[in-house]
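Please read the structure below before turning to the comments.
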Amino acid sequence: MLNPFKPLEHDYECVDAAKAGVFPAGWIALSYVIVYVASMFVRGKAPMVYVAEGVVCILAIGLAGFLAWRLWTRQSLWVSIAILAWLLVEFVGSFVVHTVGIGGGLVMTLIAAACGILSVRGAWKLRRLRALGPAVDPTVFD
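This note's numbering numbers the first residue of the sequence shown as 17 and each following residue consecutively.
Printed below as a string of structure tokens:
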């Protein structure tokens, strides 16, 4: 799961690789939960700000959950690309907003990025294999 450049030969390997994108989607959802809970401890905000942040976080968590479910059930290429792009935008945005030290969040984001790359590769190869048609098992004789 952590090697984004492992060889993908068979369709079952491609399906497993494509499903690795569920981890980055889960990491995105968890990061929104962490950000919202942490923002609740900041004093001096108006109550409507908490409501607005909560709505945005719930929508983001719902979207991440939907994309994870879609990827788990269909292994769609566009979903893999969307999850990886969202993760990379969040990663770059975290450096723009504030500097992030070498900590657990950065390490987990890099692991999630590796899983996202593997997911895109798996979905891409699976799409190509499905376009070729069903594979013939060489051990079955007619």
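In this text, a Cβ means the ideal position worked out from N, Cα and C, and glycines have one as well.
Asked                                                                                                                      : Found
Validate contact between the stretch 60–75 and the stretch 34–44 using beta carbons, cut 8 Å, 3 pairs                      : no
Local Cβ density within 10 Å of PHE82, reported as buried at 16 or more and exposed below that                             : exposed
Cβ pair ASN138, GLU29 closer than 9 Å                                                                                      : Strictly speaking, residue 138 in this sequence is Gly, with Asn absent from that position. Yes, the Cβ-Cβ distance between GLY138 and GLU29 is below 9 Å.
VAL80 - containing alpha helix (DSSP H), residue span                                                                      : One point to set straight first is that residue 80 is Ala, not Val, in the sequence displayed. Counting along the chain, the alpha helix (DSSP H) containing ALA80 begins and ends at 63–90.
Opening and closing residue of the alpha helix (DSSP H) in which PRO150 lies                                               : Element bounds for PRO150: n/a, residue is neither H nor E.
N- and C-terminal bounds of the alpha helix (DSSP H) containing LYS35                                                      : 27–35
Straight-line gap, PHE57 to VAL51 (C-alpha atoms, nearest Å)                                                               : 10 Å
Cut-off 6 Å between Cβ atoms - residues of its own chain near LEU134, not counting five sequence neighbours on either side : PRO20, ALA33 and ALA36
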